[in-house]
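Input: a single structure, listed below in structure tokens.
Number of protein chains: 2
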Amino acid sequence: MIELYHAEPVANSMKVLICLKEKGLGFVSHYVDLLRFEQHEPEFVRLNPNGQVPVLVHDGAVITESTVINEYLEDVFPEPRLRPREAAARARMRIWSKFVDEYFCPALSMIGWHVMVRRIAQAIDKNELERILERIPLKEQRDKWATVAGSSFSEEQLADSRRRLKVSVDRMEAILSEQKWLACQEYSLADVNTYSMVAGLPRLMPKLLNLDSSPHVLDWLNRMNARPAVQEALEMPNKVPESLRAFGT
Amino acid sequence: MIELYHAEPVANSMKVLICLKEKGLGFVSHYVDLLRFEQHEPEFVRLNPNGQVPVLVHDGAVITESTVINEYLEDVFPEPRLRPREAAARARMRIWSKFVDEYFCPALSMIGWHVMVRRIAQAIDKNELERILERIPLKEQRDKWATVAGSSFSEEQLADSRRRLKVSVDRMEAILSEQKWLACQEYSLADVNTYSMVAGLPRLMPKLLNLDSSPHVLDWLNRMNARPAVQEALEMPNKVPESLRAFGT
């Protein structure tokens, strides 16, 4: 049996939802309401001590980290194949996914926290916030909540994240002007792992991602949006109020 | 033909050297002298636009990122096997390697830059340093050089890195008190990828890593040091003066 603990079909939850849908795998969906801080409940922290979604439970094995979960799904359910057959292309898939995890996603995340999570944090009563912070297992997450509940990130930090987003989109554009998909001419986990980072950008940051500066990225995004697996993943529950959806499509 | 562009048998170069030696693969060694900034020479940057070692070139395919290189070697030369056969253990191998790349290594790296690279940077003439900085492709690397050439990292940043190192060693100790190796009962890339992070710690930070607080980590380190592949990797050229070797064994 496959069970997935996940939030909305955005960010890291979306990476695994797309992969499951591409493979046509049925799963028991456990919706974790991040706005109710269910990811910090003792029950969930027993499952993932980091208190983060998504978490896959497959026949008792608990797998965390969305990028690793997708490799796991590929190891266990190799068809349809989402890892290139050729080893060098497979390496490019992993190099790109690593770049997304370590560079692209943290930059986007900071903007998302500043734009969206800040509004949530600042609406919470101080004593209640104290109680919420105490339960967050990772110091790094606690610090981010404390930052956006206070004066948020500095203009210098935000500018650097915007610079990194531009580096990321430019790098994507360069790759996609040479080949159809991010690892090679074949659709792969590199594309699956990147979709949720890019989906909201044309609306959220039109100066960064538009037809003039990044036509190949937009074409890639259109092809991603047209995939049945992506459409099915987008139909999963989304309880975040429309007014707070910074990065959804 | 396998070619490896690498520096001393420490840090990320060491991860790939161990993997090659474990698999008994012959390779053409290209020593890149980091203290002469050969990693920023136009010729090297053409190979890896990030200007970083190690780089593997196999039958024309250029593979970067040590963690990805080791998965590539496993894909192409599966014997002797360094990825657990069982998918859940393989996922634990990847989760741990990701933790090393994103948390353990950056913390250790900051201390290493502060202790060792700072002395190098501060000995360089200002105009010469300017010229070196200009050639560094990654802004993040340029910023680190400028930081250690100046007043270095703040006490708060260094304290946070030391805290993260303790979290890392404690997490290792917890895992290794339950099982023989970092992914499972079997030696794997999780161990290969971690060795160079830990090898220098007992000497460099004896309060962090000692027989009282982390006996299982020390036992693991002794077993790693006894491996012929690790010993062969350690015999690779090391041109860093003894006085500057912060993290070697």
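Residue numbers (the numbering used here), protein chains in the order written: chain X, 1 to 249; chain Z, 1001 to 1249. Using N, Cα and C, we set each Cβ at its ideal position, and we do this for glycine too. Note that this is a predicted model, so its numbers are computed, not measured.
Contact annotation: the stretch 76-90 of chain X touches the stretch 178-192 of chain X, with at least three C-beta pairs closer than 8 angstroms. For Arg-1092 of chain Z, same chain residues with a beta-carbon under 6 angstroms away, outside a window of 5 residues either side, are Ala-1183 in chain order. With a contact defined as Cβ atoms closer than 8 angstroms, Val-1055 of chain Z and Thr-1064 of chain Z qualify at about 5 angstroms. A straight line joining the alpha-carbon of His-1040 of chain Z with that of Pro-1106 of chain Z spans about 21 angstroms. For Pro-1215 of chain Z, the closest alpha carbon among the candidates Z:Met-1110, Z:Arg-1171 and Z:Trp-1096 is that of Z:Arg-1171.
Judged by DSSP secondary structure, His-1030 of chain Z falls outside any alpha helix (DSSP H) and instead within the beta strand (DSSP E) spanning 1028-1031. Close partners of Arg-1094 of chain Z in chain X (Cβ separation under 7 angstroms): Val-68 and Glu-71. Its Cα nearest to that of Val-148 of chain X, the residue X:Ala-123 stands out among X:Ala-123, X:Phe-77 and X:Met-224. Taking CB atoms only, Arg-1081 of chain Z has no neighbour in chain X less than 9 angstroms away.
Within the stretch 1029-1085 of chain Z, the complete alpha helix (DSSP H) runs of at least 4 residues fall at 1042-1047 and 1066-1076. When only Cα atoms are considered, Glu-130 of chain X and Met-1236 of chain Z end up about 53 angstroms apart. Residues of the stretch 1012-1041 of chain Z with a C-beta atom less than 7 angstroms from some C-beta of chain X do not occur.
Under the three-pair Cβ rule at 8 angstroms, the stretch 1086-1105 of chain Z does not count as touching the stretch 1148-1157 of chain Z. Where Tyr-5 of chain X is concerned, there is no enclosing alpha helix (DSSP H), although the beta strand (DSSP E) around it starts and stops at 2-6.
Residues of the stretch 1169-1183 of chain Z with a C-beta less than 7 angstroms from any C-beta of chain X: none at all.
About 15 angstroms separates the beta carbons of Leu-1047 of chain Z and Ser-1029 of chain Z, which is beyond the 8 angstroms limit, so they are not a contact pair. For Asp-75 of chain X, the neighbours in chain Z by C-beta distance under 7 angstroms run, in chain order, Ala-1087 and Arg-1090.
When C-alpha distances from Ser-161 of chain X are compared across Z:Val-1217, Z:Lys-1139 and Z:Val-1045, the shortest belongs to Z:Lys-1139. Counting only residues of its own chain and dropping the five nearest sequence neighbours on each side, Glu-38 of chain X has a CB closer than 7 angstroms to the CB of Val-32 and Phe-44.
The Cβ-Cβ distance between Gly-51 of chain X and Gln-141 of chain X falls below 9 angstroms.
Under a 10 Å Cβ-count criterion, Gly-1200 of chain Z is classified as buried, with 16 or more other Cβ atoms of the shown protein chains found around its own Cβ. Contact check for Ala-1087 of chain Z against Tyr-72 of chain X passes: the beta carbons are separated by less than 9 angstroms. At a cut-off of 9 angstroms, the C-beta of Thr-1147 of chain Z has no neighbouring C-beta in chain X.
With fewer than 16 other Cβ atoms from the protein chains shown falling within 10 Å of its own Cβ, Ala-1174 of chain Z counts as exposed.
For Ile-1120 of chain Z, the enclosing alpha helix (DSSP H) starts and ends at 1118-1123. The DSSP-derived three-state label of Thr-1194 of chain Z is coil.
At the C-beta level, Ser-1013 of chain Z and Val-1053 of chain Z come within 9 angstroms of one another. Contacts with chain X at 9 angstroms (Cβ-Cβ) do not include Thr-1194 of chain Z.
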